[in-house]
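S.K.:
There are 2 protein chains.
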Amino acid sequence: MAKIDLARRAEIGREKRVRTRVQIVDAGLLLLADQPPEALTVNAIVESAGVAKGTFYYHFQSVEELVAAVGAKLADTFDELVARSRLEQSDSIERMAFAFTRFLEKAISDPVWARLVVRSAQAPAGIREHLKADLAEAIAEGRLATEDVELAADIVVGIWTQVARGTLERRATPDLPHQALQAALRALGVPRTQGRHAAAARAGRNKSQIGSK
Amino acid sequence: MAKIDLARRAEIGREKRVRTRVQIVDAGLLLLADQPPEALTVNAIVESAGVAKGTFYYHFQSVEELVAAVGAKLADTFDELVARSRLEQSDSIERMAFAFTRFLEKAISDPVWARLVVRSAQAPAGIREHLKADLAEAIAEGRLATEDVELAADIVVGIWTQVARGTLERRATPDLPHQALQAALRALGVPRTQGRHAAAARAGRNKSQIGSK
DNA sequence: CGTCGAATTGACTATATAGTCGAACTGACT
DNA sequence: AGTCAGTTCGACTATATAGTCAATTCGACG
Numbered sequence: 000m001a002k003i004d005l006a007r008r009a010e011i012g013r014e015k016r017v018r019t020r021v022q023i024v025d026a027g028l029l030l031l032a033d034q035p036p037e038a039l040t041v042n043a044i045v046e047s048a049g050v051a052k053g054t055f056y057y058h059f060q061s062v063e064e065l066v067a068a069v070g071a072k073l074a075d076t077f078d079e080l081v082a083r084s085r086l087e088q089s090d091s092i093e094r095m096a097f098a099f100t101r102f103l104e105k106a107i108s109d110p111v112w113a114r115l116v117v118r119s120a121q122a123p124a125g126i127r128e129h130l131k132a133d134l135a136e137a138i139a140e141g142r143l144a145t146e147d148v149e150l151a152a153d154i155v156v157g158i159w160t161q162v163a164r165g166t167l168e169r170r171a172t173p174d175l176p177h178q179a180l181q182a183a184l185r186a187l188g189v190p191r192t193q194g195r196h197a198a199a200a201r202a203g204r205n206k207s208q209i210g211s212k
Numbered sequence: 000m001a002k003i004d005l006a007r008r009a010e011i012g013r014e015k016r017v018r019t020r021v022q023i024v025d026a027g028l029l030l031l032a033d034q035p036p037e038a039l040t041v042n043a044i045v046e047s048a049g050v051a052k053g054t055f056y057y058h059f060q061s062v063e064e065l066v067a068a069v070g071a072k073l074a075d076t077f078d079e080l081v082a083r084s085r086l087e088q089s090d091s092i093e094r095m096a097f098a099f100t101r102f103l104e105k106a107i108s109d110p111v112w113a114r115l116v117v118r119s120a121q122a123p124a125g126i127r128e129h130l131k132a133d134l135a136e137a138i139a140e141g142r143l144a145t146e147d148v149e150l151a152a153d154i155v156v157g158i159w160t161q162v163a164r165g166t167l168e169r170r171a172t173p174d175l176p177h178q179a180l181q182a183a184l185r186a187l188g189v190p191r192t193q194g195r196h197a198a199a200a201r202a203g204r205n206k207s208q209i210g211s212k
């Protein structure tokens, strides 16, 4: 009976614990959109999250640990945006193009997310690995002008990051994701007849969506 | 007579003043290559520069002022790298290509400079203005696939920044500047027969190039 | 080698931050 | 109403940082 009690207690605690933890992580995420991790203070976090300092240390050992948690949450949002299409789409370049567009649309519609991503210089490591895998496949198929996977990844990530940064400072035109993607594909040396149909379809569909506010 | 004395004194002081100021700025520059401005402390600066805290405040009103000074110094290095060619080269795309390559070579040969530039997210404002001017000219001449100057600038800056960041994490291949430039030109939609001679000539010393390895 | 203005020093105060800890609280269960 | 593990609180200590200022040093000059 003591056994059951303990398990039950733990479960109850876990729910409360999760709520507060999420609260803290969200506050940290918001703050990290405006300042680098090195400048993030515990005081600022607890004030923003509306909890006591002791509560923070009950959930995290240090600020670094919170930063890591925010990073993990950010990585999740990336995965969620493209998880389905990665399974459905078999063409490497189409996969990459879809992700590129999808991420950019997300950046435009969610500036906080964009600021956070742009700040964390190198995008979540997992994403780059996926990108490199797609690019390596495309290179193996002889569809890219570049032979160097790392360089190709830098080109795509670089264009994406800077264009996303641009959307934070200037208003984005409706076809910006499409335009940026075209530039990235040209940079990679993808022939015009390849890898642009799905992207174009997406861009068309979303145009009315965005315009409808 | 008092007049002459005062002027002379001031001049003497200025020399000493300049020496120490440079010392502090250099220390700040080094620190800013490893950490964001928001995390830069006066204590760290004075320790690294080997001066007393009071000395720092004798030269600068705040850390922000020092950061600005470092930014100005960084901007100067950019100008120095391309000042001559800007006057000599009349073709807009050639100008841009030269600067792109030159900056990347600098980043490869001077990692501290590269880290500093990559950290200060948006490259010194003056450089972007020059780039936009060149791109606007090229667009007016109908030589680019993109009509949007801001987007074109983001593409070039984005590729450059990410490739430069890559050189900090991986060893740069000899023809990386040339390869990256080619990608940027493709991204902009510059026809193959245009704007590549000067670049090719520059990369020539490392040549027999693309197929190598 | 004494003078004097400019530059430098480091101790000092006030404030901010990191991290700790005992006490108080919560809510499911009895 | 009482119990109790888990959770939350906020006061507290120790350390770090920003910014000030009177005292000291520097060095060209007569």
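Sequences listed follow chains A and B, in order.
Quick note on numbering that gives the first Met the number 0: the first sequence kicks off at 0 and runs consecutively.
Quick note on numbering that gives the first Met the number 0: the second sequence kicks off at 0 and runs consecutively.
Glycine included, each C-beta is placed from N, C-alpha and C at the ideal position.
Note that the structure is predicted; figures quoted are calculated from it, not measured.
Let me know the secondary structure DSSP gives Leu-184 of chain B once reduced to three states.
M.R.: Residue state, collapsed to three classes: helix.
S.K.: Can you list, in chain order, the stretches of the beta strand (DSSP E) that have 3 or more residues and sit fully within the stretch 67-145 of chain A?
M.R.: As far as the stretch 67-145 of chain A is concerned, it has no whole beta strand (DSSP E) run of at least 3 residues.
S.K.: Excluding the 5 residues flanking Phe-59 of chain A on each side, which residues of the same chain have their C-beta closer than 8 Å to its C-beta?
M.R.: Closer than 8 Å at the Cβ level, and outside the excluded window around Phe-59 of chain A, lie Ile-23, Leu-65, Ala-68.
S.K.: In chain order, what residues of the same chain lie with their CB nearer than 7 Å to the CB of Ile-126 of chain A, ignoring the 5 residues before and after it?
M.R.: Here the set comprises Phe-77.
S.K.: Put Pro-173 of chain A into one of helix, strand or coil per three-state DSSP.
M.R.: Here Pro-173 of chain A sits in coil by DSSP.
S.K.: What span of residues does the alpha helix (DSSP H) with Ala-48 of chain A cover, start to end?
M.R.: Here the alpha helix (DSSP H) through Ala-48 of chain A covers 41-48.
S.K.: I want to verify the contact list: residues of chain B whose CB lies under 8 Å from the CB of Leu-150 of chain A, in sequence order.
M.R.: Chain B residues near Leu-150 of chain A: Val-162, Gly-165, Leu-175, Gln-178, Ala-179, Ala-182.
S.K.: Any residues in the stretch 93-110 of chain B with a beta carbon nearer than 8 Å to a beta carbon of chain A? Which ones, in chain order?
M.R.: Residues passing the 8 Å Cβ filter: none.
S.K.: What residues of chain B sit near Thr-145 of chain A, judged by a beta carbon separation below 8 Å?
M.R.: Within chain B, the residues near Thr-145 of chain A are Gln-178, Ala-182.
S.K.: Give me the chain B residues within the contact set of Arg-170 of chain A, using Cβ-Cβ distance strictly less than 7 Å, ordered along the chain.
M.R.: Those do not exist, as Arg-170 of chain A stays about 10 Å from chain B at its closest Cβ, beyond 7 Å.
S.K.: In angstroms, rounded to a whole number, what distance separates the CA positions of Asn-42 of chain A and Lys-52 of chain A?
M.R.: Spanning the two alpha carbons is a distance of roughly 7 Å.
S.K.: Rounded to whole angstroms, what is the Cα-Cα separation between Arg-164 of chain A and Tyr-56 of chain A?
M.R.: Cα to Cα, Arg-164 of chain A sits roughly 34 Å from Tyr-56 of chain A.
S.K.: What are the residues in the stretch 111-135 of chain A lying within 9 Å of chain B by C-beta distance?
M.R.: The stretch 111-135 of chain A vs chain B, Cβ under 9 Å: Val-117, Arg-118, Ala-120, Gln-121.
S.K.: Could you tell me if Arg-191 of chain B is buried or exposed, where buried requires 16 or more neighbouring beta carbons within 10 angstroms of its beta carbon?
M.R.: Exposed: under 16 other Cβ atoms inside 10 Å.
S.K.: List the residues of chain B that Ile-158 of chain A touches, going by C-beta distances under 9 Å, in chain order.
M.R.: Those within 9 Å of Ile-158 of chain A in chain B are Asp-153, Ile-154, Gly-157, Ile-158, Gln-161, Ala-186.
S.K.: Since Ala-38 of chain B meets chain A, which of its residues come closer than 8 Å, beta carbon to beta carbon?
M.R.: Ordered by position in chain A, the residues that pass the 8 Å Cβ test against Ala-38 of chain B are Pro-35, Glu-37, Ala-38.
S.K.: Residue range of the alpha helix (DSSP H) that Phe-55 of chain B falls in?
M.R.: Counting along the chain, the alpha helix (DSSP H) containing Phe-55 of chain B begins and ends at 52-58.
S.K.: Report yes if the CB atom of Ser-119 of chain B is closer than 8 Å to the CB atom of Gly-157 of chain B, and no otherwise.
M.R.: No, the pair does not count as a contact, with Cβ atoms beyond the cut-off.
S.K.: Taking the alpha-carbon positions, what's the Arg-114 of chain B to Leu-73 of chain B distance?
M.R.: Computed Cα separation, rounded: 12 Å.
S.K.: Taking its Cβ as the centre, do 16 or more other Cβ atoms sit within 10 Å of Gly-27 of chain B, making it buried, or is it exposed?
M.R.: Buried, since its Cβ has 16 or more Cβ neighbours within 10 Å.
S.K.: For Val-162 of chain B, count the other beta carbons within 10 Å of its own beta carbon; 16 or more makes it buried, fewer makes it exposed. Which is it?
M.R.: Looking at its Cβ environment, which holds 16 or more other Cβ atoms inside 10 Å, Val-162 of chain B is buried.
S.K.: In chain order, what residues of the same chain lie with their CB nearer than 7 Å to the CB of Gly-188 of chain A, ignoring the 5 residues before and after it?
M.R.: Leu-143, Ala-144, Thr-145, listed in sequence order.
S.K.: Quick one: give me the first and last residue of the alpha helix (DSSP H) that Ala-152 of chain A is part of.
M.R.: Note, Ala-152 of chain A: alpha helix (DSSP H), 148-168.
S.K.: Is the Cβ-Cβ distance between Arg-94 of chain B and Ser-108 of chain B less than 8 Å?
M.R.: The answer is no: Cβ separation not under 8 Å.
S.K.: Go ahead and pull the three-state DSSP assignment for Arg-16 of chain A.
M.R.: Three-state result, Arg-16 of chain A: helix.
S.K.: How long is the line joining the alpha carbons of Asp-147 of chain B and Gln-181 of chain B, rounded to whole angstroms?
M.R.: C-alpha separation (whole angstroms): 20 Å.
S.K.: What residues in its chain sit with their C-beta under 8 Å from that of Asp-238 of chain A, if we drop five residues either side in the sequence?
M.R.: Absent from the structure is residue 238 of chain A, since the part of chain A shown begins at 0 and ends at 212.
S.K.: Rounding to the nearest angstrom, what Cα-Cα distance links Ala-179 of chain A and Phe-99 of chain A in this structure?
M.R.: Distance between the alpha carbons of Ala-179 of chain A and Phe-99 of chain A: 9 Å.
S.K.: Just tell me which of B:Glu-140, B:Glu-87, B:Ala-124, B:Ile-44 has its CA closest to the CA of Asp-75 of chain B.
M.R.: Selected option, being the one with the closest Cα: B:Ala-124.
S.K.: Could you say which of A:Thr-19, A:Val-17, A:Val-62 lies nearest to Leu-30 of chain A if we only look at CA atoms?
M.R.: Checked all of A:Thr-19, A:Val-17, A:Val-62; the closest Cα to Leu-30 of chain A is A:Val-62.
S.K.: Which of the three DSSP states is assigned to Asp-33 of chain B in this structure?
M.R.: Here Asp-33 of chain B sits in coil by DSSP.
S.K.: Nearest CA to the CA of Val-50 of chain A: which residue from A:Asp-33, A:Glu-37, A:Arg-18, A:Leu-39?
M.R.: Looking at the Cα atoms, A:Arg-18 is the closest of the given residues.
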